[in-house]
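Undergrad:
Protein chains: 2
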Amino acid sequence: MTDIHKRQVTLDEVAERAGVSRSAASRVINNAPHVSKAKREAVQRAVVDLGYVPNATARALATQQVGAVVLAISSDNPQVFADPFFAEVVVGVNSVLEETELELMLLLATSTRGQTRLEQLLRTRQADGVMLMSMHGDDPLAALADKADVPVVFGGCPVNFEPRYYVDADNRGGARLATEHLVAAGRTRIATITGRMDEGAGTARYKGYQEALAVAGLDASRVVHGDFSEDGGSRAMEELLATHSDLDGVFIASDQMAIGALRVLKDAGKTVPGDVAIVGFNDITSARHTEPPLTTIAQPIQSLGREMARMLLSLIAGETPTPLILPTRLIARSST
Amino acid sequence: MTDIHKRQVTLDEVAERAGVSRSAASRVINNAPHVSKAKREAVQRAVVDLGYVPNATARALATQQVGAVVLAISSDNPQVFADPFFAEVVVGVNSVLEETELELMLLLATSTRGQTRLEQLLRTRQADGVMLMSMHGDDPLAALADKADVPVVFGGCPVNFEPRYYVDADNRGGARLATEHLVAAGRTRIATITGRMDEGAGTARYKGYQEALAVAGLDASRVVHGDFSEDGGSRAMEELLATHSDLDGVFIASDQMAIGALRVLKDAGKTVPGDVAIVGFNDITSARHTEPPLTTIAQPIQSLGREMARMLLSLIAGETPTPLILPTRLIARSST
DNA sequence: TGGTCGCCTGGAAGCGCTCCCAGTTTCGGA
DNA sequence: TCCGAAACTGGGAGCGCTTCCAGGCGACCA
């Protein structure tokens, strides 16, 4: 870099050029009242002439507001964010932040360093608010976050406690929908492959499965716990086939696992949906391209991001929003 | 929010508690020399006791360094970031930033507001550096960015000019690889569906296709321009079928388009790879699940992110790195 | 024992902006 | 014509930190 930083033009220069005091200039920049029309225009002209842009840092220091919020993903897996899920969340978040003056910071707290950073963030107001996602069950940060003195909204409800502010997809309702769909299709020996049981989504989806079968008066004991991953899905399906070879329907708590399961089913010579019907969860892009295309539950991911951002904004504004559960819906394709 | 912001503890308090001057305290915080062992330890103890964490804003104002870099995606499509591609880039970027003290800010410049923000960012040093992606051909910001007085590295080379600092995947080489693969499989009437020709990746991949066919002495005139999208791929394939029904191989510049094309081919009663062999580009997750699984070109996306971040760091450190082209490789599956 | 060098040390001046406050105008109403 | 209220105006004190600088002090060499 050539080090010719043409020094940034400051408010003082604007004021001088406009022939007013710095205070007056500041007022027009923030369009506050108490400045005459003439001076206001003079300042505005000076701003344009000089190409003045306020220094965000200085402003932040003076106002004690950072002007940025952070989206933090806490996880032990460095690759979590590679999940397209988060990309969509970000799009949603961005769409509402775009209407404000707030910047978006990303914090992938996947290492010890990252966790430390997140912790400091929570206790020292380095941001005006934080959106926190993907807390797994035993994360001590969850509790800390919920009573931090900086506004925090959770994306997804942690498994072991309910934060004051969160927005979540209706995982339980979605799982119920999925299972009911299987029941309605005449399946009677319905199994499930759950997600990680230390995540809110994992337990909630399992609960939905149980509820639906209870209502239908069917046996809900064909259960294997998975981990949301494709390989995990394969392993779980193998186990299921070994222990409950009579099954004729499976609700699988993620499409990734469903893809793995589909492969195992195929290798085992079972037809889908002929021998066994499958419903997944998430509606990832690949779900449309499997053989057969996967019936699944879609969550409004961008909305989730959008609503998290809105809730955070409302919190920052000093309001007290109530938790929000977003509806999920069934996408029927050919695996059922 | 309860508004009991227990005021942040300041450096002055630390200094007082340690019985030293603020300057001394500052020195030990930044572990600078010229402070006796005794005082150094006293300060360190005070820091722990008080739970002191430096105020990043104040520090930024004093040092004239923001302590954050931004990853900016410039595009006219609000949904670009939903592409899993960027999620992976972010993972890569984060992995190197994690080792530093720098924060990561995300700027999705998809609206007028966003573009304005990006422009201001480029001219007013609101960040210590910026990584810029997805510039399409006629974006005036590209030129501006390249001579901004803040370090900028491009991700992907814009179509109409070569920035001073960039890292890109070897799109041309990858396309050549893909086309050569088709040639090696004995195909002789090889078409291509290109990407958007106002993006660097689009033109580069087209060039690679031309080169490979030139070397093989084959006709390179079976060309339809697409837009990288699935629907665009369908439309392009229809056109190709209508105008060049004799084709026996197609290099398609993105997997998304390939998926669309596959559907059209199937509807038209053509078998893959029997009648026509297909090679895509990107190796998206879905590519493994299509029918048949797609032969494609993989780019090292996380590396791209990582190298962009590294280059930016080196730029910030005052060095002068050279542009970087990352290798791509062929993933052979059953569509060829 | 005197002089010099080099390492501490803390005071103070900013970094660029906001905002309180006291002083000055202006203006309408009586 | 006079008075009070309301609107304007600019000075100045911070926000919390870094860093320059001048002064102090011990050590080391001759």
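Top to bottom, those sequences are chains A and B.
In terms of the working numbering, the first sequence is residues 1 to 336.
In terms of the working numbering, the second sequence is residues 1001 to 1336.
Built from N, CA and C at the ideal position, the CB exists for glycine as well.
#1: Take T320 of chain A and list the residues in its own chain whose beta-carbon comes closer than 6 Å to its own, dropping the five residues that flank it on each side.
#2: Is L262 of chain A helix, strand or coil by DSSP?
#3: Kindly indicate which residue of A:V167, A:P293, A:R288, A:A148 has the alpha-carbon position closest to the one of S389 of chain A.
#4: Can you pull out the residues from the segment 1060-1073 of chain B whose beta carbon lies closer than 9 Å to at least one beta carbon of chain A?
#5: What's the C-alpha gap between G372 of chain A and D283 of chain A?
#6: Between G1226 of chain B and A1253 of chain B, is the Cβ-Cβ spacing less than 8 Å?
#7: Between the segment 1039-1057 of chain B and the segment 47-55 of chain A, do three or more beta carbon pairs fall short of 8 Å?
#8: List the residues of chain B whose Cβ lies closer than 8 Å to the Cβ of G114 of chain A, in chain order.
#9: If you count every other CB in all the chains shown that lies within 10 Å of the CB of S26 of chain A, and 16 or more means buried, which is it?
#10: How far does the beta strand (DSSP E) with A328 of chain A in it extend, from its first residue to its last?
#11: Within 8 Å (strictly less), CB to CB, does R125 of chain A reach chain B?
#12: Should E101 of chain A go down as buried or exposed, given a rule of 16 or more other Cβ atoms within 10 Å for buried?
#13: Using a threshold of 8 Å, state whether the C-beta atoms of L1315 of chain B and V1159 of chain B are closer than that.
#14: Looking at the C-beta of A87 of chain A, does it have a partner C-beta in chain B at a distance below 8 Å?
#15: Determine whether the Cβ of I1278 of chain B lies closer than 8 Å to any Cβ atom of chain A.
#16: Can you tell me which of the three DSSP states L1313 of chain B falls into?
#17: With a CB to CB cut of under 6 Å and the five nearest residues on each side skipped, what residues in its chain are close to A18 of chain A?
#18: Short check: CB of V183 of chain A to CB of A216 of chain A, under 8 Å?
#19: Alpha carbons only, please: which of B:A1038, B:G1208, B:V1035 is nearest the one belonging to E1180 of chain B?
#20: Could you tell me which of B:G1186, B:N1171, B:E1239 sits nearest to E1211 of chain B, measuring between CA atoms?
#21: Does A1298 of chain B get closer than 8 Å to chain A when you measure Cβ to Cβ?
#22: Can you list the residues of chain B that I58 of chain A reaches, using a CB-CB cut of under 8 Å?
#23: Quick check: L141 of chain A and V70 of chain A, are their CB atoms within less than 8 Å of each other?
#24: So what does E1155 of chain B bridge to, in DSSP terms?
#25: Between which two residues does the beta strand (DSSP E) holding G249 of chain A run?
#26: Starting from the beta carbon of M1105 of chain B, find every residue of chain A whose beta carbon is closer than 8 Å, and list them in chain order.
#27: So E103 of chain A is in the beta strand (DSSP E); what residue range does that whole segment cover?
#28: Using 8 Å as the limit for Cβ to Cβ distance, is E291 of chain A near chain B?
#29: Give the secondary structure of H34 of chain A by DSSP, where H, G and I count as helix, E and B as strand, and everything else as coil.
#30: Kindly identify the DSSP beta-bridge partner or partners of N55 of chain A.
#31: Just to confirm, is the Cβ distance from L296 of chain A to I331 of chain A under 8 Å?
#32: Please classify E1162 of chain B as buried or exposed, where buried requires at least 16 neighbouring CB atoms within 10 angstroms.
#33: Apart from the five residues on each side of it in sequence, which residues of its chain come closer than 8 Å, Cβ to Cβ, to L213 of chain A?
#34: Alpha carbon to alpha carbon, how far is T1271 of chain B from A1185 of chain B?
#35: Return helix, strand or coil for L1071 of chain B, following the three-state DSSP convention.
TA: Let me spell this out:
#1: In the first sequence, counting from the first residue as 1, residue 320 of chain A sits at position 320. For T320 of chain A, same chain residues with a beta-carbon under 6 Å away, outside a window of 5 residues either side, do not exist.
#2: The residue labelled residue 262 of chain A in the question sits at position 262 within the first sequence. Collapsing the DSSP output to three states places L262 of chain A in a helix.
#3: The question about residue 389 of chain A has no answer, for chain A in this structure spans 1 to 336.
#4: The residues in question are A1060, L1061, Q1064, V1066, A1068, V1070, L1071.
#5: Lying outside 1 to 336, the shown extent of chain A, residue 372 of chain A is not represented and no answer is given.
#6: Your numbering for residue 1226 of chain B matches position 226 in the second sequence. Your numbering for residue 1253 of chain B matches position 253 in the second sequence. Contact: yes.
#7: Too few Cβ pairs lie closer than 8 Å, so no.
#8: By 1-based counting over the first sequence, the position of residue 114 of chain A is 114. Here the neighbours are E1098.
#9: Residue numbering aside, residue 26 of chain A sits at position 26 when the first sequence is read from its first letter. Label assigned to S26 of chain A: buried.
#10: If you number the first sequence from 1, residue 328 of chain A lands on position 328. In the sequence under discussion, the amino acid at residue 328 of chain A is Thr, which differs from the Ala named in the question. Element bounds for T328 of chain A: n/a, residue is neither H nor E.
#11: The residue you call residue 125 of chain A lines up with position 125 of the first sequence. It does; some Cβ of chain B falls within 8 Å.
#12: For the purposes of this step, residue 101 of chain A is identified with residue 101 of the first sequence, where counting begins at 1. Flag for E101 of chain A reads exposed.
#13: Here residue 1315 of chain B refers to the residue found at position 315 when the second sequence is read from its first residue. Here residue 1159 of chain B refers to the residue found at position 159 when the second sequence is read from its first residue. For L1315 of chain B and V1159 of chain B, no; Cβs fall outside 8 Å.
#14: On the first sequence, residue 87 of chain A is found 87 positions in, with the first residue counted as 1. Interface with chain B (8 Å Cβ-Cβ cutoff): A87 of chain A is included.
#15: As a working note, residue 1278 of chain B is residue 278 in the second sequence. For I1278 of chain B, the answer is no, since every Cβ of chain A falls outside 8 Å of its Cβ.
#16: Along the second sequence, read from residue 1 onward, the residue named residue 1313 of chain B stands at position 313. Under the three-state reduction of DSSP output, L1313 of chain B falls in the helix class.
#17: Residue numbering aside, residue 18 of chain A sits at position 18 when the first sequence is read from its first letter. Here A18 of chain A has A42, V43, A46 as same chain residues with Cβ atoms under 6 Å from its own Cβ, once five neighbours each way along the sequence are excluded.
#18: The residue you call residue 183 of chain A lines up with position 183 of the first sequence. The residue you call residue 216 of chain A lines up with position 216 of the first sequence. In contact: V183 of chain A and A216 of chain A (Cβ atoms closer than 8 Å).
#19: Residue 1180 of chain B sits at position 180 when you count from the first residue of the second sequence. Distances from the alpha-carbon of E1180 of chain B to those of B:A1038, B:G1208, B:V1035 put B:G1208 closest.
#20: Translated into positions along the second sequence, residue 1211 of chain B becomes position 211. Closest by C-alpha distance to E1211 of chain B, out of B:G1186, B:N1171, B:E1239, is B:N1171.
#21: As a working note, residue 1298 of chain B is residue 298 in the second sequence. Judged by the 8 Å Cβ criterion, A1298 of chain B is not in contact with chain A.
#22: Residue mapping note: residue 58 of chain A aligns to position 58 of the first sequence, counting from 1. Sequence check: residue 58 of chain A is Ala here, not Ile. Result: L1061.
#23: Taking the first sequence and counting its residues from 1, one reaches residue 141 of chain A at position 141. Taking the first sequence and counting its residues from 1, one reaches residue 70 of chain A at position 70. With contacts defined as CB atoms closer than 8 Å, L141 of chain A and V70 of chain A fail to qualify as a contacting pair.
#24: Locating residue 1155 of chain B in the second sequence gives position 155, counting from the first residue. A quick correction: the sequence has Gly, not Glu, at residue 1155 of chain B. Note: G1155 of chain B sits in a beta bridge opposite B:M1133, B:V1167.
#25: Position 249 of the first sequence, counted from the first residue, corresponds to residue 249 of chain A. Counting along the chain, the unbroken beta strand (DSSP E) around G249 of chain A starts and ends at 249-252.
#26: Residue mapping note: residue 1105 of chain B aligns to position 105 of the second sequence, counting from 1. Within chain A, the residues near M1105 of chain B are A68, E103, L104, M105, L106.
#27: Translated into positions along the first sequence, residue 103 of chain A becomes position 103. Counting along the chain, E103 of chain A sits inside the beta strand (DSSP E) bounded by residues 103-109.
#28: Counting from one through the first sequence, the residue named residue 291 of chain A turns up at place 291. With a threshold of 8 Å between beta carbons, E291 of chain A makes contact with chain B.
#29: Here residue 34 of chain A is taken as the residue at index 34 of the first sequence, counted from 1. Of the three classes helix, strand and coil, the one that applies to H34 of chain A here is coil, per DSSP.
#30: Walking along the first sequence from the start, residue 55 of chain A turns up at place 55. Paired residue(s): none; N55 of chain A is not in a bridge.
#31: Counting from one through the first sequence, the residue named residue 296 of chain A turns up at place 296. Counting from one through the first sequence, the residue named residue 331 of chain A turns up at place 331. Contrary to the premise, residue 296 of chain A reads as Thr rather than Leu in this sequence. Cβ atoms of T296 of chain A and I331 of chain A: closer than 8 Å.
#32: Taking the second sequence and counting its residues from 1, the one referred to as residue 1162 of chain B is at position 162. Around the beta carbon of E1162 of chain B, a 10 Å sphere encloses fewer than 16 other beta carbons of the protein chains shown; the residue is thus reported as exposed.
#33: Counted from its first residue, the first sequence places residue 213 of chain A at position 213. Exclusion of the five residues before and after L213 of chain A leaves T179, V183, I190, D219, A220 as the residues of its chain whose Cβ lies within less than 8 Å of its Cβ.
#34: Your numbering for residue 1271 of chain B matches position 271 in the second sequence. Your numbering for residue 1185 of chain B matches position 185 in the second sequence. Counting only the Cα atoms, A1185 of chain B lies some 16 Å from T1271 of chain B.
#35: In the second sequence, residue 1071 of chain B corresponds to position 71, counting from 1. Per DSSP, reduced to three states, the secondary structure at L1071 of chain B is strand.
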